[in-house]
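**Student:** Residue numbers (this note's numbering), protein chains in the order written: chain X, 2 to 266; chain P, 12 to 347; chain B, 5 to 344.
Idealized CB from N, CA, C, for every residue including glycine.
(1) Answer yes or no: the CB of residue 289 (chain B) versus the heavy atoms of the ligand COA, is any distance below 7 Å?
(2) Would you kindly report the start and end of the unbroken alpha helix (DSSP H) that includes residue 254 (chain P)?
(3) List the residues of chain X whose Cβ lies closer than 7 Å to the Cβ of residue 79 (chain B), in chain order.
(4) For residue 120 (chain B), return the contacting residues in chain X, with the cut-off set at a CB-CB distance below 9 Å.
(5) For the stretch 239 to 262 of chain B, which residues have a beta carbon sitting closer than 7 Å to at least one beta carbon of chain X?
(6) I believe residue 195 (chain X) touches residue 134 (chain X) by the beta-carbon criterion, under 8 Å. Please report the beta-carbon distance rounded to the nearest angstrom.
(7) How many angstroms separate the CA atom of residue 231 (chain X) from the CA atom of residue 128 (chain X)?
(8) In this structure, does DSSP put residue 272 (chain P) in helix, strand or coil?
(9) Indicate whether the contact test is met: 3 or more Cβ pairs, each with one atom in the stretch 35 to 50 of chain P and one in the stretch 87 to 96 of chain P, closer than 8 Å.
(10) So which residues on chain B does residue 229 (chain P) lean against when the C-beta distance must stay under 7 Å?
(11) My parser needs the beta strand (DSSP E) runs of 3 or more residues fully inside the stretch 36 to 110 of chain P; what are they?
(12) Taking 8 Å as the threshold (beta carbon to beta carbon), is residue 2 (chain X) in contact with chain B?
(13) Whole-angstrom Cβ separation of residue 81 (chain P) and residue 14 (chain P), contact assumed at under 8 Å?
(14) Below 8 Å on the Cβ atoms is my contact criterion, and I expect residue 159 (chain P) with residue 123 (chain P) to pass it. Report the Cβ-Cβ distance as a whole number of Å.
(15) For the candidate residues P:70, P:117 and P:61, whose alpha-carbon lies nearest to that of residue 292 (chain P)?
(16) State yes or no: is the beta carbon of residue 233 (chain P) nearer than 8 Å to at least one beta carbon in chain B?
(17) Between the Cα of residue 172 (chain X) and the Cα atoms of X:146, X:162, X:165 and X:187, which residue gives the shortest distance?
(18) Show which residues of chain B have a CB atom less than 9 Å away from the CB atom of residue 86 (chain X).
(19) Looking at the structure shown, is residue 146 (chain X) part of a helix, part of a strand, or coil, going by DSSP?
(20) Nearest-angstrom Cα distance between residue 6 (chain X) and residue 340 (chain B)?
(21) Which residues in chain P have a C-beta closer than 7 Å to the C-beta of residue 273 (chain B)? List them in chain order.
(22) Measure from the alpha carbon of residue 83 (chain B) to the alpha carbon of each residue in X:199, X:48, X:257 and X:211, then state which is nearest.
(23) Could you give the DSSP three-state label for residue 3 (chain X): helix, strand or coil?
(24) Going by the CB atoms, is the gap between residue 98 (chain B) and residue 28 (chain B) shorter than 8 Å?
(25) Taking residue 313 (chain B) as the reference, which of B:178, B:307, B:297 and B:306 has the closest Cα?
(26) Report the three-state DSSP secondary structure of residue 82 (chain B) (helix, strand or coil).
(27) Counting only beta-carbon separations shorter than 8 Å, does residue 159 (chain P) have a partner in chain B?
(28) Is the number of C-beta pairs between the stretch 32 to 51 of chain X and the stretch 80 to 88 of chain X that are closer than 8 Å three or more?
(29) Could you tell me which chain B residues have their CB closer than 8 Å to the CB of residue 265 (chain X), listed as they occur along the chain?
(30) Would a check of beta-carbon distances place residue 372 (chain P) closer than 8 Å to chain B?
(31) Helix, strand or coil for residue 240 (chain X), going by three-state DSSP, please let me know.
(32) If you run the structure through DSSP and keep just helix, strand and coil, what is residue 330 (chain P)?
(33) Looking at the C-beta of residue 329 (chain B), does it have a partner C-beta in chain P at a distance below 8 Å?
(34) Could you name the residues of the stretch 332 to 343 of chain B whose beta carbon sits closer than 8 Å to any beta carbon of chain X, in the order they occur along the chain?
(35) Kindly list the residues whose CB is nearer than 7 Å to the CB of residue 328 (chain P), restricted to its own chain and excluding five residues on each side of it in sequence; keep chain order.
(36) Determine whether the Cβ of residue 62 (chain P) lies closer than 8 Å to any Cβ atom of chain B.
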């Protein structure tokens, strides 16, 4: 069964390590995989364990994972250096419906570590690989020191209407403040024909952000969210990520809001 | 006719001197505190016919029937025959004349918690052990208190006895059935000694800290913990109440079989017989051990015993308690 | 096509012995003194040395799912950066004696492990493929059984069906594999297994149409907040509960060698939905009860077209707090009928 055993991870070499914030860092590994933005890998270290980590960017022969050191595995991964091996299997799950976003007005709202899974999507747009009519980005962080991907944010600003906001005013911060929902409120839509909205972030943020878009009359079918759940397999077997009849690991993590809205954990 | 009574004889017959002149009270032995409900009516009938129609439930799980005229002792003894037959003879006590009442009253009623016939925590049938001990030890003139409890919760207060017998188990772990849910670890650390810990998703038991209560077996949802067949006990000794030096019984033997427990107690009776000060009306076992020293006691009561595998004996013993002399420690509280 | 035979108890015992030379035989077995309470036995699926070890008079505490989905299974070993897939200790085929509800229960496991998301779980598959069902005819209910309501009282998925009588055994043998053995062992007979057609416990399932989303957050579930103690026995005893968690361990002195295993997990257990970073879904036991209930009688059906619960009633047998799943289903249906 070896050749098809989906539980066996493959070693991949770490080729880059970048500290993003105090507790978040990005690892680049050398690996060739066909990845749709929004997909994730089961990342593991022998002896420590395995966890689902979304792809925060990728190229033809590399993958990036942006990891928050909050658990046993993620803390251990933090100790790795370029040259070390990381163990992965994937990609898993259903990513963003890229083709449906083509030539659409794309609105992406991301909060905190939720920026990671949408980063490859934004990158495709910014690099011109995914042509869209317009790109609105609302990116929120708790405070200045938790801002991820500063370099990318600068590049994204060139190609989009970017609102970068932190929750509360802070000394030395001249940019936008307030929760992302407050910035969603300022948006106006007259028609929805070619609109696609993506909302990714912590559960509470997604709940309120999607509610704002519904208040703005955006149809549920035009809103996309990405769920994060505990998973032990990524294959629709372990049962941890099941909500209702949905398995987040295979039916998601990216789900249309018309489906996601009815899911109660 | 005036009453001419051999007080020692009637005391040995389980009747006692009471405040009311010419009236006695009899103690009914109920080993393990468990009896056929039908016997209650027999006992009640005695209380109604010979006493004042009341019965007292003793702290040792027997009955005491007050206000029985001394002159009716032989009638009461005859009426007691079915009770003694059921609770003593049927449990192996050898009695020459069943209709002559109890042949001894030194050894107190052997009490026991409700045990594994009812209680989920109990590791053994404490009632059955109390009844076995009754058969092996009674009649006996020495003042010895024995109680059997089903688990280290010690509901029967084995810690207040000369012999406190705690039923325990040896938990056996099935590595393959354990799912690492930690239910046993949590139960042990919340309720017991924290003898269990998690390592790599599996449970490790610190044998030296495990008291054999069986909480892990009760907590496990996959039956990865089971009890090793065969009953084991922890034997506490020399606890007491009293006017001089109340103290807790302390562990003497651990993880010993039922046979070892019974044999040690039988040996202790012989030890008492050899060392008791007969000039005193009665000398309590704890004070005898204080006098002979623990080493002599240990040597004599453990002699000739074939211990089960895994049996352990205490290296040293100390009994926490206090001397009533310390009552000098009190001072007056001002009235308010 | 099937043929039927009658064997004397002695002939059956001999046949059992004969089968033991080529197969492992598993079935409900009484393990003396291994019950949760002292002095009680445990009936669980285990390998049997002889026919008389087969316990037919008491429902097993755990289900036969252990044969295909053991409580603890090593997925692979790691040695430095190398992975070695765990192999099974032997390649014996297994004859398992089980009742119709459990055959249906394993069918539910098949759907999860072999079908869900189009992924075949290789560890499950290799164990599943070596099973041969010897169905114990079940004409009477045990306590708490409600297989009839769950339509899991019948099955045709067996190679041999057996009726155990006082001094004989009647069998129906389907397919060629075992026919010769039984034909040699006993004499021809007319026997078709019967199935229990009525249980003292009945449940009425709520229909999809009567299931408004409001029931998810309804007070109905609150009573279980205080009643359930999250011990997980309903999950571990259930034939259809299939959730697991993976854990790694390394060998004592080695910093390089170890293994990754999967162990049973359950939606009633603490930690089942703890996220790294501290967030927990379904903290309240009532929410867990709701999650399990809907999975067993609603969500699974939506995904696979058949109810997950097979009504074996083991969850009711084992709950230390006397929470009855069948009562829960009926209370839920009654409530939904009455309107929220």
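**Tutor:** Taking the geometry as given:
(1) Absence of the ligand COA is noted for the structure shown, with no ligands found whatsoever.
(2) Run containing residue 254 (chain P): none; DSSP gives neither H nor E here.
(3) By Cβ distance, chain X contributes 8.
(4) Those within 9 Å of residue 120 (chain B) in chain X are 236, 237, 238, 248 and 251.
(5) Close to chain X, meaning a Cβ-Cβ distance shorter than 7 Å, are the following residues of the stretch 239 to 262 of chain B: 246, 247, 248, 249, 250, 251, 252, 254 and 262.
(6) Going by Cβ atoms, the distance from residue 195 (chain X) to residue 134 (chain X) rounds to 6 Å, so yes, they are a contact pair.
(7) Looking at the two C-alpha atoms, the distance is approximately 32 Å.
(8) Correct three-state label for residue 272 (chain P): helix.
(9) Inter-segment contact for the stretch 35 to 50 of chain P and the stretch 87 to 96 of chain P is present: three or more beta-carbon pairs are separated by less than 8 Å.
(10) Those within 7 Å of residue 229 (chain P) in chain B are 40.
(11) List check, beta strand (DSSP E) in window: 74 to 80.
(12) Annotation note: pLDDT 44 at residue 2 (chain X) (below 50); position unreliable, coordinate value reported separately. Residue contact check for residue 2 (chain X) against chain B: a CB pair falls below 8 Å.
(13) Contact check for residue 81 (chain P) and residue 14 (chain P): beta-carbon distance about 6 Å, within the 8 Å limit, so the pair qualifies.
(14) Contact holds; Cβ gap of about 4 Å.
(15) The shortest Cα separation from residue 292 (chain P) among P:70, P:117 and P:61 belongs to P:117.
(16) Cβ-Cβ to chain B under 8 Å: yes for residue 233 (chain P).
(17) The shortest Cα separation from residue 172 (chain X) among X:146, X:162, X:165 and X:187 belongs to X:146.
(18) Correct list: 85.
(19) In the structure shown, residue 146 (chain X) sits in a helix (DSSP, three-state: H, G or I).
(20) Residue 6 (chain X) and residue 340 (chain B): Cα-Cα distance of roughly 44 Å.
(21) Taking the beta carbon of residue 273 (chain B) as reference, the chain P residues within 7 Å of it are 192, listed in sequence order.
(22) Nearest option by C-alpha distance: X:48.
(23) Because residue 3 (chain X) carries a pLDDT of 44, less than 50, the predicted location of this residue cannot be relied on, and no value is offered for it.
(24) With a cutoff of 8 Å on beta-carbon distance, residue 28 (chain B) and residue 98 (chain B) are scored as near each other.
(25) Considering only alpha carbons, the answer is B:297.
(26) Three-state DSSP puts residue 82 (chain B) in a strand.
(27) Not a single C-beta of chain B is nearer than 8 Å to the C-beta of residue 159 (chain P).
(28) The stretch 32 to 51 of chain X is in contact with the stretch 80 to 88 of chain X.
(29) Those are 217, 220 and 221, listed as they occur along chain B.
(30) Here chain P comprises residues numbered 12 to 347, so residue 372 (chain P) is not present and cannot be evaluated.
(31) Here residue 240 (chain X) sits in coil by DSSP.
(32) Under the three-state reduction of DSSP output, residue 330 (chain P) falls in the coil class, being neither helix nor strand.
(33) Not closer than 8 Å to any Cβ of chain P, the Cβ of residue 329 (chain B) fails to qualify, so no.
(34) Taking 8 Å as the Cβ-Cβ cut-off against chain X, none of the residues of the stretch 332 to 343 of chain B qualify.
(35) A distance below 7 Å between beta-carbons, with the five flanking residues on each side excluded, links residue 328 (chain P) to the following residues of its chain, in chain order: 261, 263 and 305.
(36) Interface flag for residue 62 (chain P) against chain B is unset, since no Cβ pair is found closer than 8 Å.
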